[in-house]
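Enquirer: Once you've had a glance at the structure underneath, I'll fire off some questions.
Protein chains: 2
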Amino acid sequence: MKAKYDILGIGNAIVDVVAAVDDQFLARHDMHKGAMHLIDTDRADTLYSSMPPGKESSGGSVANSCAVAAALGARVAYVGKVADDQLGSVFRHDITAAGVTFLTPPLRSGAPTARCLILVTPDGQRTMNTYLGACIALDAADVDVDLVSEATVTYLEGYLFDPPAAQAAFYKAASAAHQTGRQVALSLSDAFCVHRHRDAFKKFVADHVDILFANESEITALYETNSFEEASELARKAVALAALTRSERGSIIVRGADTVAVPATATPVVDTTGAGDAYAAGFLASMTQGKSLFECGSIGSAAAAQVITHYGARPGPEALSLIRDLSKP
Amino acid sequence: MKAKYDILGIGNAIVDVVAAVDDQFLARHDMHKGAMHLIDTDRADTLYSSMPPGKESSGGSVANSCAVAAALGARVAYVGKVADDQLGSVFRHDITAAGVTFLTPPLRSGAPTARCLILVTPDGQRTMNTYLGACIALDAADVDVDLVSEATVTYLEGYLFDPPAAQAAFYKAASAAHQTGRQVALSLSDAFCVHRHRDAFKKFVADHVDILFANESEITALYETNSFEEASELARKAVALAALTRSERGSIIVRGADTVAVPATATPVVDTTGAGDAYAAGFLASMTQGKSLFECGSIGSAAAAQVITHYGARPGPEALSLIRDLSKP
Chain A
91 MKAKYDILGI GNAIVDVVAA VDDQFLARHD MHKGAMHLID TDRADTLYSS
141 MPPGKESSGG SVANSCAVAA ALGARVAYVG KVADDQLGSV FRHDITAAGV
191 TFLTPPLRSG APTARCLILV TPDGQRTMNT YLGACIALDA ADVDVDLVSE
241 ATVTYLEGYL FDPPAAQAAF YKAASAAHQT GRQVALSLSD AFCVHRHRDA
291 FKKFVADHVD ILFANESEIT ALYETNSFEE ASELARKAVA LAALTRSERG
341 SIIVRGADTV AVPATATPVV DTTGAGDAYA AGFLASMTQG KSLFECGSIG
391 SAAAAQVITH YGARPGPEAL SLIRDLSKP
Chain B
91 MKAKYDILGI GNAIVDVVAA VDDQFLARHD MHKGAMHLID TDRADTLYSS
141 MPPGKESSGG SVANSCAVAA ALGARVAYVG KVADDQLGSV FRHDITAAGV
191 TFLTPPLRSG APTARCLILV TPDGQRTMNT YLGACIALDA ADVDVDLVSE
241 ATVTYLEGYL FDPPAAQAAF YKAASAAHQT GRQVALSLSD AFCVHRHRDA
291 FKKFVADHVD ILFANESEIT ALYETNSFEE ASELARKAVA LAALTRSERG
341 SIIVRGADTV AVPATATPVV DTTGAGDAYA AGFLASMTQG KSLFECGSIG
391 SAAAAQVITH YGARPGPEAL SLIRDLSKP
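As you go down the protein sequences, you meet chains A and B in turn. Residue 241 in this note's numbering is what sits at position 151 of the first sequence, and the numbering runs on without skipping anything. Residue 402 in this note's numbering is what sits at position 312 of the second sequence, and the numbering runs on without skipping anything.
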């Protein structure tokens, strides 16, 4: 069956609140720079009160990838849970306006839409604090197996292992994809997320993942090694294809006996939020368009470069038009 | 009595949704480029659905001025009406985090927090569509005369003439300020707003305003003339001090017999939203610090220049630190 969508993303539907802080702010609030911390409502309130003024925009790792992939011309659908509130409307508007099909019904009279307080330090690194809110309510019932069967690749984020009911959605989607001959891609999301769920991740990767995205700290955390080379060889054995990113050192793509090294696209760094998401978007959009591994990685790097030159996880208007140009032959 | 605040701002408390569009989008939706249009909920829904993805941040003309003035070291308080909802919390957080005292209680179980859909065209001009929401509920009871008497300048926005109950707040504040020997400043806000309320504006300006801010199209709209020179002479007679801005041509300040011309600060234009607000902030903060008219205008121009180099009405993190530097001797 010809696929209706190139990519179906399933992830935590989150609105980001981005503000710039100094390193002392992170230390004062016991944060690990570059990591994603799960926070409860009390911590969210305390942290928000002490933060500088912010800008809000739609986020969520896989949702970011979906928005960028759509800008690159891919046909994209998304599954994620927002609440029936103002931030939920913002999320729905933005992902729809980005050209992504988003049909998941909102959560009514439950937790509010998830938000992530993102603190960007002067070195461009982002430190995230996620209040999962309505994402906790995403469950297997939200995964439509027909939708999964209509997508060439179903792309999942490792963060979905945090809300317990979402894991069931995760497995249901993977199994539906494989039953209809489709592919499953996974992003490991965050080294601390890998630590929280290492055994479950290793099993899921080995049993269900065709395409794995991870950065250096995530893949070494998964395989509990300090050696990137060792981790990439383990990934080579575990999955059909792994795209492993190393910030300014570019990415290494391993597929069977092939190893392809792709340089990073040099660019001034303002805020690294969304860089990995944009890389995966460029990679998957290119892959579903039949491009070579080197092209997939290069368009991934170029999309990431556009995202890190401004505050926020999704490309702004100028970046979006540059990203659209990337997909032109 | 020594003032506790340098500036008390009273205005419409609004959250902005900023997106980039082309000129055709404005034409298709019958908008006048550069103007502020008042819209109802239906129009807000229709317009939002057809807009590209946006970024949300706190706005409102006088609220923007308050945030910039606080960054310049002024002691600032603000009165405005948000609802008890997510966008209201965003507004409250941002203005408080900017260092502004904001005590107005939120509206409960009424209209939602006001929002302004701001469309930025490639020439950097912004076209605004405001759904007034909870701002409609701002009334004279929200103006604390003691607070007014504690501020050197009470700064009002012309937009307050749109929500009917706010006009009463406007008059109450002006009269309380003058009764305690304080000054009243007004921004005319928008040429279309001037058209809607011309007679009321002329009377208020002549009877109650000490310091008037207007751009060229607003001041010529007020006095129904095509000549900026004629309009500025009429302003000179009507108020003690008028600061009249002319975009890249800088500003003209008239006070009694004095006329001071201040050049604009040259800068690349990305989005002009908030330029006038930042000018007024720089001017008023400098004025309450005892600076010369030329310095007041120059710091106003420099603050405006910082705001127009990025999307959004309030300075971003880099701009904020440059603005803070402006106030250093």
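By construction, the Cβ of each residue, glycine as well, lies at the ideal position given by its N, Cα and C atoms.
Mapping DSSP to helix, strand and coil, what is Arg425/B?
Expert: Nothing about residue 425/B can be read from this structure; chain B reaches only from 91 to 419.
Enquirer: What three-state label does DSSP hand Met91/A in the structure shown?
Expert: The residue you call residue 91/A lines up with position 1 of the first sequence. Three-state result, Met91/A: coil.
Enquirer: Mind checking which residues open and close the beta strand (DSSP E) that includes Ile208/B?
Expert: Within the second sequence, numbered from 1, the residue matching residue 208/B stands at position 118. Ile208/B -> beta strand (DSSP E) spans 204-210.
Enquirer: Can you pull the chain B neighbours of Asp113/A, defined as C-beta to C-beta under 9 Å?
Expert: Within the first sequence, the letter at position 23 stands for residue 113/A. Here the premise fails: no neighbours, minimum Cβ distance about 14 Å.
Enquirer: For a contact defined as C-beta to C-beta under 9 Å, what are the partners of Asp175/B on chain A?
Expert: Taking the second sequence and counting its residues from 1, the one referred to as residue 175/B is at position 85. Within 9 Å Cβ-Cβ: Asp175, Gln176.
Enquirer: Run through DSSP, which three-state label would Gln396/B get?
Expert: Translated into positions along the second sequence, residue 396/B becomes position 306. Reduced to three states, the DSSP call for Gln396/B is helix.
Enquirer: Check the Cβ-Cβ distances between Gly150/B and every residue of chain A, and say whether any is below 9 Å.
Expert: Start at 1 with the first residue of the second sequence, and residue 150/B comes out as number 60. Chain A, which has no Cβ nearer than 9 Å to the Cβ of Gly150/B, makes this no.
Enquirer: May I ask you to report which of helix, strand or coil DSSP gives Met377/B?
Expert: Along the second sequence, read from residue 1 onward, the residue named residue 377/B stands at position 287. Note: Met377/B maps to helix in three-state DSSP.
Enquirer: Any Cβ of chain A within less than 9 Å of the Cβ of Gly364/B?
Expert: Position 274 of the second sequence holds residue 364/B. No, because no Cβ of chain A sits closer than 9 Å to the Cβ of Gly364/B.
Enquirer: Verify whether the separation of the beta carbon atoms of Thr220/B and Gly124/B is less than 9 Å.
Expert: As a working note, residue 220/B is residue 130 in the second sequence. As a working note, residue 124/B is residue 34 in the second sequence. It is not a contact, given that the beta carbons lie outside the stated cut-off.
Enquirer: Please classify Ala296/B as buried or exposed, where buried requires at least 16 other C-beta atoms within 10 Å of its C-beta.
Expert: Locating residue 296/B in the second sequence gives position 206, where the first residue counts as 1. Classification of Ala296/B: exposed, given that the 10 Å Cβ count is below 16.
Enquirer: For Gly150/A versus Val360/A, is the C-beta distance shorter than 9 Å?
Expert: As a first step, residue 150/A must be located in the first sequence, where it is residue number 60. As a first step, residue 360/A must be located in the first sequence, where it is residue number 270. The answer is no: Cβ separation not under 9 Å.
Enquirer: Taking CB distances under 9 Å as the criterion, tell me whether Lys138/B reaches chain A.
Expert: Here residue 138/B refers to the residue found at position 48 of the second sequence. In the sequence under discussion, the amino acid at residue 138/B is Tyr, which differs from the Lys named in the question. Yes, its Cβ sits closer than 9 Å to a Cβ of chain A.
Enquirer: Given a threshold of 16 other Cβ atoms within 10 Å of its Cβ, counted over all protein chains shown, does Gly101/B qualify as buried or as exposed?
Expert: Taking the second sequence and counting its residues from 1, the one referred to as residue 101/B is at position 11. Classification for Gly101/B: buried.
Enquirer: Starting from Ser322/A, trace the alpha helix (DSSP H) in both directions and tell me its first and last residue.
Expert: In the first sequence, counting from the first residue as 1, residue 322/A sits at position 232. 318-328 is the extent of the alpha helix (DSSP H) around Ser322/A.
Enquirer: With 9 Å as the threshold, decide whether the Cβ of Thr203/A is near any Cβ in chain B.
Expert: Position 113 of the first sequence, counted from the start, is the residue given in the question as residue 203/A. Judged by the 9 Å Cβ criterion, Thr203/A is in contact with chain B.
Enquirer: Would you please verify whether the beta carbon of Lys145/B is less than 9 Å from any beta carbon of chain A?
Expert: To locate residue 145/B, count along the second sequence from 1; it is residue 55. Closer than 9 Å to some Cβ of chain A, the Cβ of Lys145/B qualifies, so yes.
Enquirer: Are Val172/A and Glu146/A touching if we call contact CB-CB under 9 Å?
Expert: Counting from one through the first sequence, the residue named residue 172/A turns up at place 82. Counting from one through the first sequence, the residue named residue 146/A turns up at place 56. Going by C-beta atoms, Val172/A is not nearer than 9 Å to Glu146/A.
Enquirer: Mapping the DSSP letters down to three states, classify Arg133/A as helix, strand or coil.
Expert: The count along the first sequence starts at 1 and reaches residue 133/A at position 43. Reduced to three states, the DSSP call for Arg133/A is helix.
Enquirer: Along chain B, which residues have their Cβ under 7 Å away from the Cβ of Ala110/A?
Expert: The residue labelled residue 110/A in the question sits at position 20 within the first sequence. Pro407, listed in chain order.
Enquirer: On the three-state DSSP scale, how would you describe Ala264/A?
Expert: Numbered from 1 along the first sequence, position 174 holds the residue referred to as residue 264/A. Helix, per DSSP.
Enquirer: Using 10 angstroms around the beta-carbon of Glu308/A, count the other beta-carbons present and answer buried if the total reaches 16, otherwise exposed.
Expert: Locating residue 308/A in the first sequence gives position 218, where the first residue counts as 1. Answer is buried; the Cβ neighbour count reaches 16.
Enquirer: Closest by CA to Arg286/B, which one among Gly99/B, Gly248/B, Thr378/B?
Expert: Working through the second sequence from its first residue, we reach residue 286/B at position 196. Out of Gly99/B, Gly248/B, Thr378/B, Gly248/B has the C-alpha closest to the C-alpha of Arg286/B.
Enquirer: Note down, in chain order, each residue of its chain lying with its Cβ closer than 6 Å to the Cβ of Ala332/B, except the 5 sequence neighbours on either side.
Expert: In the second sequence, counting from the first residue as 1, residue 332/B sits at position 242. Same-chain partners within the cutoff: Leu302, Ala325, Val344.
Enquirer: Within 9 Å of any Cβ in chain B, is that where the Cβ of Met141/A sits?
Expert: Start at 1 with the first residue of the first sequence, and residue 141/A comes out as number 51. Taking Cβ atoms only, chain B reaches closer than 9 Å to Met141/A, which makes this a yes.
Enquirer: Between Gly271/B, Ala103/B, Thr315/B, which lies nearest to Leu197/B when the distance is taken from Cα to Cα?
Expert: In the second sequence, residue 197/B corresponds to position 107, counting from 1. Answer by Cα proximity: Ala103/B.
Enquirer: Would you kindly work out how many angstroms separate the C-alpha atoms of Asp112/A and Thr349/B, rounded to a whole number?
Expert: Taking the first sequence and counting its residues from 1, the one referred to as residue 112/A is at position 22. Taking the second sequence and counting its residues from 1, the one referred to as residue 349/B is at position 259. Going from the Cα of Asp112/A to the Cα of Thr349/B covers about 43 Å.
Enquirer: Anything in the region 350-381 of chain B with a Cβ closer than 7 Å to a Cβ of chain A? List those residues in chain order, please.
Expert: Within the region 350-381 of chain B, no residue has a Cβ that lies closer than 7 Å to any Cβ of chain A.
Enquirer: For Ala275/A, name the three-state secondary structure that DSSP assigns.
Expert: Here residue 275/A refers to the residue found at position 185 of the first sequence. Correct three-state label for Ala275/A: strand.
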